[in-house]
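Trainee: Quick note: the sequence shown uses UniProt numbering, first residue 1, plus one each step. Beta carbons are placed, not taken as given, at the ideal position from N, Cα and C, and that holds for glycine.
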Amino acid sequence: VCTFQTISGTGAVHLGALFLARFHPHRPTLYLSNPTWANHHQIFTNVGFSLANYPYFSPKTKGLDFDGMLDALRSAPAGSVIILHACAHNPTGVDLTQDQWKEVAALMRDRNHFPFFDCAYQGFASGDLSRDAWAIRYFVEQGFELCIAQSFAKNFGLYGERTGAFHFVSAPGVEAGKASQNISSQLAILQRSEISNPPAYGARIASRILNDPELFAQWEDDLRTMSGRIAEMRRGLRQRLEAKGTPGTWDHITNQIGMFSFTGLTEAQVKVLRDKWHVYMTKNGRISMAGLNTHNLDYFAEALDSVVRETL
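1) Given this structure, state the Cα-to-Cα distance separating Gln181 from Leu73, to the nearest angstrom.
2) Helix, strand or coil for Leu70, going by three-state DSSP, please let me know.
3) Give me the residue from Ser8, Pro55, His24 with the minimum Cα distance to Gly160.
4) How about His113 and Ile82: do their beta carbons lie closer than 7 Å?
5) Verify the CB distance criterion: does Glu242 have a CB-CB separation below 7 Å to chain B?
6) When you compare only the Cα positions, how much space is there between Ser288 and Val174?
7) Could you name each continuous beta strand (DSSP E) segment of 3 residues or more that falls completely within the segment 77–156, going from the start of the chain to the end?
8) Give the single residue among Phe139, Pro77, Asp212 whose Cα lies nearest to the Cα of Lys102.
9) Identify the continuous alpha helix (DSSP H) that holds Asn39 and give its terminal residues.
10) Name the DSSP bridge partner or partners of Leu297?
11) Return yes when the Cβ of Gly285 is within less than 7 Å of the Cβ of Leu304, no when it is not.
12) With three or more C-beta pairs closer than 8 Å as the rule, is the segment 136–153 touching the segment 246–266?
13) Please name the residue or residues paired with Asn53 in a DSSP beta bridge.
14) If Phe262 and Thr92 are in contact, beta carbons under 8 Å, what's the gap, nearest whole angstrom?
15) Per DSSP, what kind of secondary structure is Ala171 in: helix, strand or coil?
16) Name, in chain order, the residues that DSSP records as bridge partners for Gln5.
17) Output the boundary residues of the alpha helix (DSSP H) element that contains Arg274.
18) Using a Cβ-Cβ cut-off of 6 Å (strictly less than) and excluding sequence neighbours within five positions of Gln256, which residues of its own chain qualify?
19) So what does Leu64 bridge to, in DSSP terms?
20) Taking one C-beta from the segment 20–35 and one from the segment 45–57 each time, how about it: are there three or more such pairs within less than 8 Å?
21) Give the DSSP bridge partners of Ile287, in chain order.
22) Taking C-beta to C-beta, are Asn34 and Asn53 nearer than 7 Å?
23) Got a sec? Which residues, its chain only, sit under 8 Å from Leu129 by beta carbon, not counting five neighbours each side?
24) Given Ile43, which residues of its chain have a CB within under 8 Å of its CB, disregarding the five upstream and five downstream residues?
25) Any idea if Ser227 is buried or exposed, counting beta-carbon neighbours within 10 angstroms, 16 or more meaning buried?
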């Protein structure tokens with residue numbers, strides 16, 4: 001494994017994209033989930049990748065389109081690069097189960113696909129760092145060569161300090177050590193020409209916490225508190241909407257996980273929420289659950305109920 005500090009998760013994704021674009025022998029098609037973090041498209045397009053999508057979110061169920069995902073990965077050209085959200089999928093909040101991850105890994109092994117994990121919300125999905133990294137560790141255990149973009153922006157509260165890391169895991173074998181050295185040397189050249197050196201302040205904070213058992217335990221406890229509060233807001237919103245009899249089904253709010261929820265609202269409904277109620281979310285209906293609290297939850301539920309009824 002070789003690791004480089006980056007300018008948060010965005011810098012990690014960019015460094016990985018640049019490295020694969022420069023050194024992957026076949027310049028494969030790169031597959032993104034539909035939908036995905038909007039910046040993924042720009043980052044990978046800017047370094048020359050041809051992009052394709054694999055189905056992920058089902059508007060009908062407001063959950064995972066797992067069959068569609070598998071079909072797309074099965075039909076993708078062998079050796080494609082597949083971008084995978086490690087946990088707390090952005091923007092949908094819909095994650096795979098461990099059994100589903102195992103199916104994806106087996107299929108990707110069979111098709112010789114290259115996994116590229118984006119890990120931006122570790123600790124925000126379940127509140128458990130190990131559980132949120134389970135998919136990555138499973139793929140490594142299965143002997144995949146892969147890379148990981150890791151952000152410390154949200155889980156350390158260091159968004160303004162731009163703290164992150166890029167990891168490249170070489171395939172196991174007698175040449176793994178040499179391969180890792182070669183990859184590390186090329187990443188160092190790319191990193192030097194891109195940003196020279198990443199910021200030190202946020203990295204020192206993260207390092208201090210990660211290497212101090214007492215601080216690490218406190219941090220883990222804080223993550224459990226934060227993820228628990230978000231889950232509480234999910235339950236509270238669903239309860240309020242169901243109590244009001246808001247048209248539609250709202251179980252997806254509690255089935256989804258992490259900071260974001262894909263509400264299922266249309267762009268027109270989002271506009272009414274903004275113009276009439278001064279409630280703001282992205283046009284695709286994604287809301288930050290972390291922005292809800294006990295003081296605004298009733299207001300948001302009332303606004304959502306009103307807009308859904310008005311636009312039936």
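Mentor: On the basis of the supplied data:
1) Position 181 of the sequence shown, counting from 1, holds the residue named residue 181. Position 73 of the sequence shown, counting from 1, holds the residue named residue 73. If you take the alpha carbons of Gln181 and Leu73, they lie about 31 Å apart.
2) Locating residue 70 in the sequence shown gives position 70, counting from the first residue. If DSSP states are grouped into helix, strand and coil, Leu70 belongs with the helices.
3) Locating residue 160 in the sequence shown gives position 160, where the first residue counts as 1. The shortest C-alpha separation from Gly160 is found at Ser8.
4) As a working note, residue 113 is residue 113 in the sequence shown. As a working note, residue 82 is residue 82 in the sequence shown. Going by C-beta atoms, His113 is nearer than 7 Å to Ile82.
5) Here there is only one protein chain, and chain B is not present.
6) In the sequence shown, residue 288 corresponds to position 288, counting from 1. In the sequence shown, residue 174 corresponds to position 174, counting from 1. Roughly 46 Å separates the two Cα atoms.
7) 81–85, 114–119, 146–151
8) Along the sequence shown, read from residue 1 onward, the residue named residue 102 stands at position 102. Closest by alpha carbon: Phe139.
9) For this step, residue 39 is matched to residue 39 along the sequence shown. Taken as a continuous stretch (DSSP letters only), the alpha helix (DSSP H) holding Asn39 covers 38–46.
10) Locating residue 297 in the sequence shown gives position 297, where the first residue counts as 1. None, per the DSSP bridge assignment.
11) Locating residue 304 in the sequence shown gives position 304, where the first residue counts as 1. Locating residue 285 in the sequence shown gives position 285, where the first residue counts as 1. Taking 7 Å as the cut-off, the Cβ atoms of Leu304 and Gly285 do not count as close.
12) no
13) In the sequence shown, counting from the first residue as 1, residue 53 sits at position 53. BP columns for Asn53 point to Leu32.
14) On the sequence shown, residue 262 is found 262 positions in, with the first residue counted as 1. On the sequence shown, residue 92 is found 92 positions in, with the first residue counted as 1. Indeed they touch by this definition, with Cβ atoms about 4 Å apart.
15) Here residue 171 refers to the residue found at position 171 of the sequence shown. Residue state, collapsed to three classes: coil.
16) The residue labelled residue 5 in the question sits at position 5 within the sequence shown. Looking at the DSSP output, Gln5 sits in a beta bridge with Ala165.
17) Here residue 274 corresponds to residue number 274 of the sequence shown, with the count starting at 1. Annotation for Arg274: the continuous alpha helix (DSSP H) segment containing it runs 267–277.
18) For the purposes of this step, residue 256 is taken as the residue at position 256 of the sequence shown. Setting aside the 5 residues that flank it on each side, Gln256 is surrounded in the same chain by Gly93, Val94, each with a C-beta closer than 6 Å to its C-beta; the list follows chain order.
19) Sequence index remark: in the sequence shown, residue 64 carries index 64 (1-based). DSSP lists Phe57 as partners of Leu64.
20) yes
21) As a first step, residue 287 is located in the sequence shown; it is residue number 287 there, counting from the start. Ile287 is bridged to Ser261.
22) Along the sequence shown, read from residue 1 onward, the residue named residue 34 stands at position 34. Along the sequence shown, read from residue 1 onward, the residue named residue 53 stands at position 53. A contact, by the Cβ cut-off of 7 Å.
23) Position 129 of the sequence shown, counted from the start, is the residue given in the question as residue 129. Taken in chain order, the residues that qualify are Gln122, Gly123, Glu220, Leu223.
24) In the sequence shown, the residue the question calls residue 43 occupies position 43. Excluding sequence neighbours, Ile43 sits near Thr10, Val13, His14, Ala17.
25) As a working mapping, residue 227 is identified with position 227 in the sequence shown. Within a 10 Å sphere around the beta-carbon of Ser227 sit 16 or more other beta-carbons, which makes this residue buried.
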